[in-house]
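Chains as they are written, first to last, in the working numbering: chain A, 1175 to 1433; chain B, 1175 to 1433.
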């Protein structure tokens, strides 16, 4: 995925605030090339205001008089579209479309993504110039997205491909402590069982499902070593109270074993 | 995926326009339950204006004084978070997080998704009440998304799960004419080859890679029956010109065969 080859093209945008919001959405998602085809009111203070820290992107935007100028050097053109055209066109959702765009950039191709007017989108003539149509699967109850929201979704899908497997969201990523080993988990469970018996909460002669349930709980949560040390410390402190109180209510095999 | 079990919870939102934009983003994506925790300015005309056709959703929104009231009956709580907390929490990207939320709703659980203040998000205390943290993998150059944009992305991921395999974006969906059968394609290629020979464009004694290239082209584009009929019609019309001109330049085996 090469974001620098992707050009977001806004056609005849009416509201300058939307242009600013698009600039912010793009920069948030790591895109930088913005082209404005005959915007109705531009430049405009409202665009700068909504762009906030993406004003540099507005500054660098190309403003062109017509779609021909915008698409002159594009090699793969995607048009965003509502459903229900008279002549169907290959149409894909944002995810599949982003994958196609990313693949095109990896082949060194320049990609343009067209977004139409706030009130009526792209014309049929404009859509007919596209290699592929992108449709956001909105709900029938209210299918028309705000322009900048539509751009945000497409840029987000591209971003997800750019970050790939280095997703900060992968579980365990950026954890500050190693997760506990199974050996240490087993020592913990043994200690836990002993202490629960010592305090009379678990009767070794009739343990029921207590330990399996606790194993399920701690297994699911995945303890890290620091958390495990904390829990072991609590058990040891409890054991000391049991000793002070005259010894365990119930003993287990492990009694007197390693700490 | 049961969207009716998902509650979007906005905590201490400053700008009423953002609340309206959130309502629109939600309705566009098929969600309906909105809870506002101590909004700074609400109700407000700017919220209604930005919501446009989602004013019904604003009307139905719960307004509560604190997070306890908002989360009282929630069974799975997700908090949106920027990176870099002192104590890491299980964090996932919007896609994985949406899958977890959808699975929870399918098990009949009520899900709440918390979005924090425009300027500083959710507090650590608020985040500590969440089962899972959601992080949108924004770009380091400008990582702070507009509130309504963040809601849009999360609702979009939920929507993608709701539409599932019935995605309108699946290729071939909603096509108005059946795609051609391989039989008909083969008849077309035979006719094409004959006509190309007849007009002297293809020499059957030295065909080179012409037909393979044409097969690759038409195979890639996937012709529907109507398109195929059009192409066959063009070939037949060409054949008639060849007859008028005194017969084919080159003949092929198929000459005089079925139309």
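Backbone N, C-alpha and C fix where the C-beta goes; we use that ideal spot for every residue, glycine too.
Touching by the beta-carbon criterion (3+ pairs, under 8 Å), the region 1362-1374 of chain B and the region 1204-1216 of chain B: The answer is no - the region 1204-1216 of chain B does not touch the region 1362-1374 of chain B, with fewer than three Cβ pairs under 8 Å.
Per DSSP, the bridge partner or partners of residue 1209 (chain B): Bridge partners of residue 1209 (chain B) according to DSSP: B:1183, B:1236.
Near-chain B residues of the region 1288-1311 of chain A (beta-carbon distance less than 7 Å), N- to C-terminal order: Considering only beta carbons, the part of the region 1288-1311 of chain A lying closer than 7 Å to chain B consists of 1309, 1311, in chain order.
Pair within 9 Å by beta-carbon distance, residue 1203 (chain A) and residue 1326 (chain A): Yes, Cβ-Cβ distance for residue 1203 (chain A) and residue 1326 (chain A) is below 9 Å.
Proximal residues, the region 1215-1228 of chain B versus chain A, C-beta separation under 7 Å: If the cut-off is 7 Å between Cβ atoms, the region 1215-1228 of chain B has 1227, 1228 near chain A.
Per-residue burial, residue 1391 (chain A) [other beta carbons within 10 Å of its own, 16 or more giving buried]: Taking every protein chain shown into account, the CB of residue 1391 (chain A) has fewer than 16 other CB atoms within 10 angstroms, so this residue is exposed.
Assumed close pair residue 1191 (chain A), residue 1236 (chain A) - CB separation to whole angstroms, cut-off 8 Å: So it is not a contact: roughly 20 Å between Cβ atoms.
Residue-chain proximity (residue 1347 (chain B), chain A), Cβ-Cβ < 9 Å: With a pLDDT of only 44 at residue 1347 (chain B), under the threshold of 50, the placement of this residue in the model should not be trusted, and no figure is reported.
Nearest neighbour of residue 1402 (chain B), chosen from B:1377, B:1366, B:1379, B:1251 [CA to CA]: Looking from the CA of residue 1402 (chain B), the closest CA among B:1377, B:1366, B:1379, B:1251 belongs to B:1366.
Proximity test, Cβ basis, 9 Å: residue 1403 (chain B) and chain A: Closer than 9 Å: no.
Sequence-distant residues of the same chain with beta carbon closer than 8 Å to residue 1425 (chain A), five excluded per side: Excluding sequence neighbours, residue 1425 (chain A) sits near 1371, 1372, 1378.
Residue span of the alpha helix (DSSP H) that contains residue 1252 (chain B), given as start and end: Residue 1252 (chain B) -> not in any alpha helix (DSSP H); beta strand (DSSP E) instead, spanning 1250-1254.
N- and C-terminal bounds of the beta strand (DSSP E) containing residue 1288 (chain A): Residues 1285-1289.
Chain A residues whose Cβ lies nearer than 8 Å to that of residue 1278 (chain B): Those within 8 Å of residue 1278 (chain B) in chain A number zero; the least Cβ separation is about 14 Å.
Residue 1241 (chain A), enclosing alpha helix (DSSP H) - first and last residue: Unbroken alpha helix (DSSP H) run through residue 1241 (chain A): 1241-1245.
Inter-residue spacing [alpha-carbon to alpha-carbon] between residue 1398 (chain A) and residue 1405 (chain A): Their backbone Cα atoms lie some 11 Å apart in a straight line.
Cβ contact (3+ pairs, closer than 8 Å) linking the region 1295-1305 of chain A and the region 1295-1305 of chain B: Fewer than three pairs of CB atoms, one per stretch, sit closer than 8 Å, so the region 1295-1305 of chain A makes no contact with the region 1295-1305 of chain B.
Contact belief for residue 1184 (chain B) with residue 1275 (chain B) at Cβ below 8 Å, rounded distance in angstroms: Residue 1275 (chain B) and residue 1184 (chain B) do not touch by the CB rule: their CB atoms are close to 17 Å apart, not below 8 Å.
Backbone secondary structure at residue 1409 (chain A) - three-state DSSP: Three-state DSSP puts residue 1409 (chain A) in a helix.
Listed by chain order, chain A residues near residue 1317 (chain B) by CB distance under 8 Å: Neighbours of residue 1317 (chain B) on chain A, chain order: 1202.
Where residue 1320 (chain B) meets chain A, residues with beta-carbon distance less than 9 Å: Going along chain A in sequence order, the residues near residue 1320 (chain B) (Cβ under 9 Å) are 1195, 1198, 1199, 1202, 1224, 1226, 1322, 1326.
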